Every structure is written in C-alpha cells, then in structure tokens.
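Participant: Take 1 as the starting number for the sequence shown in this note's numbering and just add one per residue.
Think of the CB as a built atom: it goes at the ideal place given N, C-alpha and C, for glycine as much as any other residue.
The structure presented is a predicted model; accordingly, all values stated were derived computationally and were not measured.
Input: one structure, supplied below.
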Amino acid sequence: MRKFSSVFVLLVLLLAGCTSAPVVETLQSKMNPYETSLYAGATLTHQIDVTPDFTGSPTAVLWDDFSKIRYPAGTPVSAVAGNPHLYGCKLTGTGGDNPQSLYGSFRITAEKFALMVTAWASTDITIYVDRKPLTVDPYLVPEGQYFVVADDLGAGSHLVEFILGWGANFMQVVAAPSARVTPGPAPTFTIGITGDSFADSGLAPYYAGLSREIHRLTGWTPIQLGQGSTGYTNDGASSGDASKSVFGSPQRLAALEAQDPDVVLVIGSVNDGAAATAVVKSAAAAYYEALAPRPVIVAGVEPVYAADDPTYSDWDAVNAEIIAAADAAPNVIAVIDWRGEDWLTGTGSVSDPQGDGNQDTYIGDVPGTDTSHPGYQGQRYLAERFVERIMAIPWSGAGPSTE
1 MRKFSSVFVL LVLLLAGCTS APVVETLQSK MNPYETSLYA GATLTHQIDV TPDFTGSPTA
61 VLWDDFSKIR YPAGTPVSAV AGNPHLYGCK LTGTGGDNPQ SLYGSFRITA EKFALMVTAW
121 ASTDITIYVD RKPLTVDPYL VPEGQYFVVA DDLGAGSHLV EFILGWGANF MQVVAAPSAR
181 VTPGPAPTFT IGITGDSFAD SGLAPYYAGL SREIHRLTGW TPIQLGQGST GYTNDGASSG
241 DASKSVFGSP QRLAALEAQD PDVVLVIGSV NDGAAATAVV KSAAAAYYEA LAPRPVIVAG
301 VEPVYAADDP TYSDWDAVNA EIIAAADAAP NVIAVIDWRG EDWLTGTGSV SDPQGDGNQD
361 TYIGDVPGTD TSHPGYQGQR YLAERFVERI MAIPWSGAGP STE
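This is the structure in structure tokens:
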C-alpha cells in the first residue's frame with residue numbers, strides 16, 4: 001500500500017507539472033548588469049601631459065586604428081579639419097547633433113593606461129575595467145584636451161570599456177611600449193535608443209545621459225539615435241539645425257537599420273504638442289510599421305510639467321494617440337505610459353523648486369539654464385524605472401542578429 005501511495009503521489013506531481021504554465025523568457029534573461037563595486041585599488045585622474053608618467057616613449061593607439069578598438073555603435077570618422085569641437089574621433093551622425101556619445105572597448109596588458117580626449121565643455125567619461133567601474137559616478141573631464149589616466153590595475157590582461165559624453169571626442173590610448181592592445185568583444189545585445197532630447201543626451205556636465213544609465217543597468221550596448229527638438233511630426237527646424245528630421249525620416253531609419261539593434265526604445269515626444277493628434281497617431285503608426293519586424297518598446301510623451309502650465313492637456317491628448325498607435329502595431333512588444341503613470345510629479349525643477357513633487361530633484365540643473373530635462377539624478381532615476389519595466393517584457397528570441 002505504501003508503494004502504491006508513493007507511485008500515486010509521483011503521478012500526481014508529474015501531472016501537476018504537465019498542466020502548469022510554461023516558463024516565459026523575459027528580456028531580463030538578456031541582461032548582464034555591470035558590477036557596482038569599484039575596481040579595487042585603481043585610481044583615475046586627468047592631466048595635461050602624460051608622457052613623463054610612462055616608461056620610455058609611449059605607444060599610441062590612435063583613433064583611426066580600427067583593428068585595436070571596437071566601436072559597436074558605429075564607425076569613427078575624422079572631423080572637419082580646424083574645428084576644435086570635432087577634433088579626433090567621432091561617430092558618423094544621422095543629422096542634427098546625434099549621436100552624441102562614443103562607446104568603445106579594448107583589451108590591454110598594462111597596469112596603467114591613459115585615454116586622450118578633447119572636450120569643448122566639461123563632460124563625463126565612464127570607464128569600466130573588467131566590468132567594474134573606476135569611479136562611483138562618471139568621471140568629469142574639464143574643457144580642453146586631457147589625458148584621463150587609469151593606474152594600479154594590477155598585472156594581466158584587462159578589458160576596458162569607456163563611454164564618453166557629448167561635447168568630447170576620443171583621440172588615443174597611451175600605454176607603455178610593452179603593452180598589447182586588442183579589440184574588445186562584440187556586443188551580445190544592443191538597444192537602439194531613439195526619440196527626442198530625452199533620448200538624445202544629458203545635461204551638463206553629465207552628457208552621456210539616459211543611454212549610459214541603461215547601459216550600466218543592463219549591460220546592453222546602447223545605440224544612441226535621438227535628436228533634440230524632434231518628434232513624430234516635428235522635424236526640429238525650430239532648433240536652427242536643418243539637418244535634423246522627424247523620427248521616421250529616411251535618414252534616421254537608415255541609421256537605425258545600419259546599426260541593427262536587437263530592440264528599439266522610442267521616447268517622446270513633447271515636441272508634437274502643437275500638431276493635430278490624428279496626424280501624430282498616423283505618423284507614429286507609419287513609424288512603427290517602418291521599423292517592423294524589429295521589436296519596439298514605446299514610451300509615450302514625457303511626464304514633465306511646468307509651474308506656469310501644470311496641465312498640458314494637449315500633451316495628454318498626443319500621448320493617448322501615440323499609445324493607441326503603439327497598441328495596434330504588431331511589432332511593438334511593450335508600451336510604457338510613463339506620463340499616465342506619473343513617473344515625474346510636481347511642476348518644479350532643481351533650480352526652481354515648487355515643493356510639489358520629485359521634479360524638484362530630477363528635472364533641470366542648478367544654474368537654471370534648463371528646467372525641463374532630467375539632470376544626472378533624473379537620468380539615473382528614469383533609467384531605473386525603464387529597466388524595471390523592460391526586464392519583465394516577454395522575449396521570444398526574435399529580432400535581428402548583432403553578429
């Protein structure tokens with residue numbers, strides 16, 4: 001009787017297993033976040049002249065040596081000669097001021113190396129060694145031309161990954177003559193981040209913005225394809241830059257296709273507030289169709305408000321139409337209504353606090369030159385909210401290959 005009971009129980013358990021819901025893979029399975037603990041013992045500094053700190057004549061791995069540094073977000077090109085703001089290595093743009101951050105990786109056999117950068121304003125650089133950050137926050141590089149020096153890494157081969165913010169360009173790696181430099185690994189998963197200024201860059205001096213924070217939390221390689229002042233219907237001409245264009249323009253679609261991201265995050269746009277809602281919905285639907293079959297995540301109109309107009313009913317109406325278009329698109333795998341969910345609250349900013357919500361902390365900067373975009377704390381906060389939502393999205397493994 002005891003044997004029968006055991007078999008019976010076993011059969012019940014097997015049947016229960018057969019009738020349980022299958023395990024659904026989510027995008028979290030594709031994530032490999034960077035470590036939060038610092039690389040022990042390492043130091044990061046900047047200086048004008050680095051040569052005396054290296055033994056003998058340093059080995060320079062120049063920006064145009066593509067065989068030694070991997071740039072997963074595009075092929076670097078030299079800039080117009082004589083333009084100090086574009087000197088060195090930058091990525092081929094898609095019009096306007098995009099892309100604005102440079103991502104690269106390499107392996108190096110050295111205990112010490114330097115990255116030579118030039119910046120037209122104080123900007124940020126994030127450096128990981130063997131997937132550990134060298135600083136708690138992105139390191140700030142002053143305006144001008146500097147060597148950012150990483151030291152005390154220990155012996156052996158190290159994987160170096162760097163993210164340089166907008167307003168700066170990478171020029172070379174400097175190390176001792178005995179150092180060996182080889183390209184980093186190919187990205188395992190890429191996310192195209194496109195839309196308006198919220199996707200474009202951050203506020204000074206943390207210019208790498210939202211894409212850097214999503215990169216930190218997911219380990220995905222971000223392809224930054226946003227353009228400030230643009231929208232589904234707004235071409236950004238009001239910014240004075242005629243090379244900008246709407247989200248679904250041929251040049252921006254071509255840039256996205258060339259980078260071949262595994263998934264696309266579309267952000268915005270408040271810049272469509274003056275357009276007829278039906279026109280915005282039609283443009284959004286056409287854009288999602290043009291991206292098919294690529295998987296798309298849509299974040300509607302930004303949840304930002306201002307003290308002089310705390311309602312923005314026109315933005316609410318545009319947001320509703322964007323979400324409706326996204327819900328109807330077969331390749332849109334998730335819709336994030338961050339406006340409807342009030343990710344940002346209140347009507348203030350860092351420089352103009354109103355005491356009515358978290359915008360006092362997350363929006364704007366201390367000097368008061370900006371009161372509508374996320375500052376550094378806002379970038380981190382919004383990225384955490386995005387990643388929390390993205391990691392729960394079911395993933396079938398569909399989508400283009402990054403190889």
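In whole angstroms, what is the alpha-carbon distance linking Leu210 and Thr194?
Facilitator: Their Cα atoms are separated by approximately 11 Å.
Participant: So which of Asp316, Tyr146, Gln145, Leu27 has the shortest CA-CA distance to Ala276?
Facilitator: Asp316
Participant: Nearest to Ala284 by CA position, among Arg294, Val141, Val298, is which residue?
Facilitator: Ranking the options by Cα distance to Ala284, first place goes to Val298.
Participant: What are the start and end residues of the beta strand (DSSP E) that includes Arg107?
Facilitator: Residues 102-108.
Participant: Where does Lys281 fall in DSSP's three states?
Facilitator: helix
Participant: Less than 8 Å between the beta carbons of Asn319 and Arg339, yes or no?
Facilitator: Going by C-beta atoms, Asn319 is nearer than 8 Å to Arg339.
Participant: Start and end of the beta strand (DSSP E) containing Val264?
Facilitator: 263-267
Participant: Inspect the beta-carbon positions of Phe170 and Leu225 and report whether they are closer than 8 Å.
Facilitator: no
Participant: May I ask you to report which of helix, strand or coil DSSP gives Glu143?
Facilitator: coil
Participant: According to DSSP, what are the bridge partners of Glu161?
Facilitator: For Glu161, which the question treats as bridged, DSSP gives the partners Ser105, Tyr128.
Participant: Go ahead and label Asn271 buried or exposed: buried means 16 or more other beta carbons lie within 10 angstroms of its beta carbon, across all protein chains shown.
Facilitator: Buried is the call here.
Participant: For the pair the stretch 158-175 and the stretch 236-255, tell me if three or more CB-CB distances fall below 8 Å.
Facilitator: no
Participant: Between which two residues does the alpha helix (DSSP H) harbouring Ile390 extend?
Facilitator: 376-390
Participant: Where are the alpha helix (DSSP H) runs, 4 residues long or more, that stay fully inside the stretch 315-386, in chain order?
Facilitator: 359-362
Participant: Using three-state DSSP, classify Asp309 as helix, strand or coil.
Facilitator: strand
Participant: Looking at the unbroken beta strand (DSSP E) that takes in Phe413, where does it start and where does it end?
Facilitator: Within the shown structure, residues of the chain are numbered from 1 to 403, placing residue 413 beyond reach of any answer.
Participant: What three-state label does DSSP hand Trp395 in the structure shown?
Facilitator: coil
Participant: Give me the DSSP bridge partner(s) of Pro183.
Facilitator: Phe106
Participant: Tell me, which residues are paired with Ala114 by DSSP?
Facilitator: Val149, Val174
Participant: Mapping the DSSP letters down to three states, classify Ala275 as helix, strand or coil.
Facilitator: coil
Participant: Mind checking Asn404: buried by the 16 CB within 10 Å criterion, or exposed?
Facilitator: Outside the displayed span of the chain (1 to 403) sits residue 404, for which this structure offers no information.
Participant: Would you call the CB atoms of Pro310 and Thr371 closer than 8 Å?
Facilitator: no
Participant: Looking at the strands, I want to know which residues DSSP matches up with Leu44.
Facilitator: Ala150
Participant: List the DSSP bridge partners of Arg70.
Facilitator: BP columns for Arg70 point to Ser105.
Participant: When you compare only the Cα positions, how much space is there between Asp433 and Ala307?
Facilitator: A query on residue 433 cannot be resolved here, the shown segment of the chain reaching from 1 to 403 and no further.
Participant: Where do the N-terminal and C-terminal ends of the alpha helix (DSSP H) with Pro250 fall, by residue?
Facilitator: 250-259
Participant: Determine whether the beta carbon atoms of Asp151 and Leu140 lie at a separation below 8 Å.
Facilitator: no
Participant: Just how far apart, CA to CA, sit Asp337 and Ile323?
Facilitator: 7 Å
Participant: Kindly list the residues whose CB is nearer than 6 Å to the CB of Gln28, restricted to its own chain and excluding five residues on each side of it in sequence; keep chain order.
Facilitator: Met391
Participant: Look up Gln28 in the DSSP assignment and give the residues it is bridged to.
Facilitator: Paired residue(s): none; Gln28 is not in a bridge.
Participant: Just to confirm my understanding: we take Met116, look at its own chain, exclude 5 residues before and 5 after, and list those with CB closer than 6 Å. What are they?
Facilitator: Phe147, Met171, Gln172
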